[in-house]
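Beneath this line is the structure, given in structure tokens, with notes to follow.
2 protein chains.
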Amino acid sequence: MGPYRILVTNDDGMAAPGLRALVEVARQLGEVVVVAPDSPQSGQGHAITISDPLRLNKVEVFEGLEAYECSGTPVDCVKLAKHVILKNQVIDLCVSGINHGSNASINIIYSGTLSAAMEASLEGINSIGFSLLDYSWDADFRAAQHYIRPLMEHVLQNGVSECQLLNVNIPRLPLEKIKGVRVCRQADARWKENFVEATDPRGQKYYWLTGEFINEDLEDDTDIWALGNGYVSVVPSGHDLTNYRAIPTLKTLEQISLPQKI
Amino acid sequence: MGPYRILVTNDDGMAAPGLRALVEVARQLGEVVVVAPDSPQSGQGHAITISDPLRLNKVEVFEGLEAYECSGTPVDCVKLAKHVILKNQVIDLCVSGINHGSNASINIIYSGTLSAAMEASLEGINSIGFSLLDYSWDADFRAAQHYIRPLMEHVLQNGVSECQLLNVNIPRLPLEKIKGVRVCRQADARWKENFVEATDPRGQKYYWLTGEFINEDLEDDTDIWALGNGYVSVVPSGHDLTNYRAIPTLKTLEQISLPQKI
Chain P
2 MGPYRILVTN
12 DDGMAAPGLR
22 ALVEVARQLG
32 EVVVVAPDSP
42 QSGQGHAITI
52 SDPLRLNKVE
62 VFEGLEAYEC
72 SGTPVDCVKL
82 AKHVILKNQV
92 IDLCVSGINH
102 GSNASINIIY
112 SGTLSAAMEA
122 SLEGINSIGF
132 SLLDYSWDAD
142 FRAAQHYIRP
152 LMEHVLQNGV
162 SECQLLNVNI
172 PRLPLEKIKG
182 VRVCRQADAR
192 WKENFVEATD
202 PRGQKYYWLT
212 GEFINEDLED
222 DTDIWALGNG
232 YVSVVPSGHD
242 LTNYRAIPTL
252 KTLEQISLPQ
262 KI
Chain W
2 MGPYRILVTN
12 DDGMAAPGLR
22 ALVEVARQLG
32 EVVVVAPDSP
42 QSGQGHAITI
52 SDPLRLNKVE
62 VFEGLEAYEC
72 SGTPVDCVKL
82 AKHVILKNQV
92 IDLCVSGINH
102 GSNASINIIY
112 SGTLSAAMEA
122 SLEGINSIGF
132 SLLDYSWDAD
142 FRAAQHYIRP
152 LMEHVLQNGV
162 SECQLLNVNI
172 PRLPLEKIKG
182 VRVCRQADAR
192 WKENFVEATD
202 PRGQKYYWLT
212 GEFINEDLED
222 DTDIWALGNG
232 YVSVVPSGHD
242 LTNYRAIPTL
252 KTLEQISLPQ
262 KI
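Following this line, the structure appears as structure tokens:
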């Protein structure tokens, strides 16, 4: 038990090996509370639960640690942790993950892991989302843990200047092959969607979402470049979606004239 | 029928009066296809459906228009519209809404309406999310329609320079009280959360999310200022969450040294 209070969450639920790997590091640095969704919430983005009540269930999963399952989304988990479980006590750091799979580039928009961390940052809590570029359930998180610890220590000791959210991705490499840390920007990549069409036993069509990640942003200052070249990527992130460069060019919209009749 | 193809979507579903009001304007400007979720999806953010199949159901709701209900989130609707319904044909404009209630400031993060529009922008389609600052189901959308038409015309004719997504909010005022359009930035406001706690008939606690919108960003260049002063707000928006100012100050992270042992 240290002097710090650390909230640990994810989007894959309490049983995810990535969560266990993150808790192992966090409990070396402070007093840990774990709040995770009670069902998988990958791809939930910044969804919140408005029209349904939320449930919290205290569970014994990590010896000696307070842990709760929550019926909602990753963002709901963070809101409940802050306001119901911890009753607005100070939280020194929120860490989310370790996600099984990349949340680099545009994935930050779709990711429940990063949305949980972003929600904490909106609440004024320094936050880090961690993801390992390995989708398999039995991924090896040891190299990731070696980088996660000093990153958490740095943020606990120094804060995160000008921003309260870091998106950290770790390449799928053994520790000795990882070259270090790169602080970078989000690559302007995207998913090229596809749907697999099928027919159910009653003759009705249905569709499965699938897709291919496309990156044509090949500069060497992006997270995709860093990961492809053996670095851990750290992207300082935020919640301001304004495109400032577009404001002056769109000022002409202020001169629109209304139609006489709709 | 005009020369333009316009995709109309929302997060409140096919029966929402706001959708009807938007379709009325859109069909005056081009060939319209409507794709809406088959259940309310407010607060769904940028959620996508990964682990379930998606259904599409053609419906006769708008006389003479193609319309489909989709079993997924607003983002799923846009993906299905582009890739399955329209089979990757050119879409000249995607409009989402009219949302019943504000999506100004930080609401863009939580909003299904704006996430649908953002997804279209990620697909390279010029997109506008429209919201009226009136939560009631029988809100009066006439003043909104008067502004929506020239905004859509402007984007169809001129594009949206440097950005493909506009977040448009309309104050709850009669047409003659609205002072015009302001192109602005997203106010740095947030929700102060609260939970209402209750107990179910079996003695188990549950929680309802509630909250209060707090804005301490009082400059006159924000959407919240524009709306509070009688203007329609237009915020050019994007999907790059990088906090560029923080990158130089965080470069010290590149010097972290690894622990000898985890």
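If you read the sequences in order, they're chains P and W. Each residue of the first sequence is one higher than the one before, starting from 2 at the first, in the working numbering. Each residue of the second sequence is one higher than the one before, starting from 2 at the first, in the working numbering. The beta carbon of each residue, even a glycine, is placed where N, CA and C say it ideally should be.
Exercise for the section: Alpha carbon to alpha carbon, how far is I109(W) from Q45(W)? Give it in angstroms, no decimals. Expected result: C-alpha of Q45(W) to C-alpha of I109(W): approximately 11 Å in a straight line.
Handout entry: Within chain P, the residues that V236(W) reaches when beta carbons sit closer than 7 Å
Key = Chain P residues near V236(W): T243.
Practice task
Assess, as a yes-or-no matter, whether the segment 105-120 of chain W is touched by the segment 58-72 of chain W under the definition of 3 or more beta carbon pairs within less than 8 Å.
Solution key: Contact fails between the segment 58-72 of chain W and the segment 105-120 of chain W, because fewer than three Cβ pairs, one in each stretch, are under 8 Å apart.
Problem - Rounded C-alpha distance that separates I92(P) from K83(P) - result: Between I92(P) and K83(P), the C-alpha separation is close to 8 Å.
Practice task
Can you tell me which of E154(W), L123(W), M153(W) puts its alpha carbon nearest to the alpha carbon of S238(W)?
Solution key: Of E154(W), L123(W), M153(W), the residue nearest in Cα terms is L123(W).
Handout entry: Nearest residue (CA-CA) to C164(W), options L8(P), V24(P), Y245(P)
Key = Nearest Cα to C164(W) within the set L8(P), V24(P), Y245(P): Y245(P).
Exercise for the section: Alpha carbon to alpha carbon, how far is R21(P) from G3(P)? Give it in angstroms, no decimals. Expected result: Interpretation of G3(P) is limited by its pLDDT of 49, a score under 50 that renders its predicted location unreliable; the figure taken from the coordinates is listed afterwards. Straight-line measurement puts the Cα of R21(P) at about 19 Å from the Cα of G3(P).
Exercise for the section: List the endpoints of the continuous beta strand (DSSP E) containing I215(P). Expected result: It spans 206-215 - the beta strand (DSSP E) in which I215(P) sits, taken as one unbroken run.
Practice task
List the endpoints of the continuous beta strand (DSSP E) containing C71(P).
Solution key: Per DSSP, C71(P) belongs to the beta strand (DSSP E) from 67-71.
Handout entry: Three-state secondary structure (DSSP) of A48(P)
Key = A48(P) falls in the coil class under three-state DSSP.
Problem - Buried versus exposed, by CB contacts within 10 Å (16 or more), G113(W) - result: Buried: at least 16 other Cβ atoms inside 10 Å.
Exercise for the section: Answer yes or no: does any C-beta atom of chain A fall closer than 8 Å to that of C164(P)? Expected result: Absent from the structure is chain A; the protein chains it does hold are P and W.
Exercise for the section: Identify the contact partners of T10(W) in chain P, using a Cβ-Cβ distance below 9 Å as the criterion. Expected result: Going along chain P, no residue has its Cβ under 9 Å from T10(W), so there is no contact; the nearest lies around 15 Å.
Problem - Cβ of M2(P) within 8 Å of any chain W Cβ - result: The pLDDT assigned to M2(P) is 41, lower than 50, so where the model puts this residue is not dependable; a value taken from the coordinates is nonetheless given after this. Closer than 8 Å: no.
Problem - For K178(P), three-class secondary structure by DSSP - result: If DSSP states are grouped into helix, strand and coil, K178(P) belongs with the helices.
Handout entry: Within 8 Å, strictly: CB atoms of N170(W) and S234(W)
Key = Result yes, Cβ atoms of N170(W) and S234(W) sit closer than 8 Å.
Exercise for the section: Taking A27(P) as part of the alpha helix (DSSP H), name the residues at either end of that continuous run. Expected result: Boundaries of the alpha helix (DSSP H) around A27(P): 18-27.
Handout entry: Buried versus exposed call for V60(W) [16 or more other C-beta atoms within 10 Å across all chains shown]
Key = Exposed, by the Cβ-count rule.
Handout entry: Local conformation of K80(P) per DSSP, three classes
Key = DSSP, read as helix, strand or coil, puts K80(P) in helix.
Practice task
State buried or exposed for P75(W), treating a residue as buried only when at least 16 other CB atoms are found within 10 Å of its CB.
Solution key: Buried, because 16 or more other Cβ atoms sit within 10 Å of the Cβ of P75(W).
Problem - Cβ pair V236(P), R186(P) closer than 8 Å - result: Going by C-beta atoms, V236(P) is nearer than 8 Å to R186(P).
Problem - First and last residue of the uninterrupted beta strand (DSSP E) at E120(W) - result: Counting along the chain, no beta strand (DSSP E) covers E120(W); the unbroken alpha helix (DSSP H) around it starts and ends at 113-123.
Handout entry: N-terminal and C-terminal residue of the alpha helix (DSSP H) that Y148(W) is part of
Key = In the DSSP assignment, Y148(W) falls within the unbroken alpha helix (DSSP H) covering 143-159.
Problem - Buried versus exposed, by CB contacts within 10 Å (16 or more), I7(W) - result: In this structure I7(W) is buried. Its beta-carbon is surrounded by 16 or more other beta-carbon atoms within 10 angstroms.
Exercise for the section: Reducing DSSP to helix, strand and coil, say where W304(W) ends up. Expected result: Past the boundaries of the shown model lies residue 304(W); chain W is included only from 2 to 263, so the question cannot be answered.
Practice task
Return the residue from the list H47(W), V197(W), E25(W) that minimises the CA-CA distance to Y111(P).
Solution key: Y111(P) has its Cα closest to that of H47(W), out of H47(W), V197(W), E25(W).
Handout entry: Proximal chain P residues relative to F196(W), where beta-carbon distance stays under 8 Å
Key = The contacting residues are L55, K80, L81, H84, V85.
Practice task
Would you check if there are 3 or more beta carbon pairs closer than 8 Å linking the segment 212-219 of chain W to the segment 152-161 of chain W?
Solution key: The segment 212-219 of chain W makes no contact with the segment 152-161 of chain W: fewer than 3 CB pairs, one atom from each, lie closer than 8 Å.
Handout entry: CA nearest to the CA of H147(W), picked from M119(W), I179(W), A140(W), V161(W)
Key = Closest option to H147(W), Cα to Cα, is I179(W).
Handout entry: Delimiting residues of the beta strand (DSSP E) encompassing A199(W)
Key = DSSP places A199(W) in the uninterrupted beta strand (DSSP E) bounded by 191-200.
Practice task
Work out the CA separation of V197(P) and D218(W) for me, nearest whole Å.
Solution key: Looking at the two C-alpha atoms, the distance is approximately 46 Å.
Problem - For T250(W), the residue or residues it bridges with in DSSP - result: Beta-bridge pairing by DSSP links T250(W) to no other residue.
Problem - Proximity test, Cβ basis, 8 Å: W138(P) and chain W - result: Not closer than 8 Å to any Cβ of chain W, the Cβ of W138(P) fails to qualify, so no.
Exercise for the section: Check each residue of the segment 208-242 of chain W: if its Cβ is closer than 8 Å to any Cβ of chain P, include it; give the result in chain order. Expected result: Those residues of the segment 208-242 of chain W that come within reach of chain P (Cβ to Cβ, closer than 8 Å) are Y208, W209, L210, V235, V236, P237, S238, G239, H240, D241, L242.
Problem - Endpoints, the beta strand (DSSP E) within which N58(P) is located - result: Following the DSSP letters along the chain, one finds N58(P) inside the beta strand (DSSP E) bounded by residues 57-59.
Handout entry: Straight-line Cα distance separating E194(W) from N230(W)
Key = Cα to Cα, N230(W) sits roughly 26 Å from E194(W).
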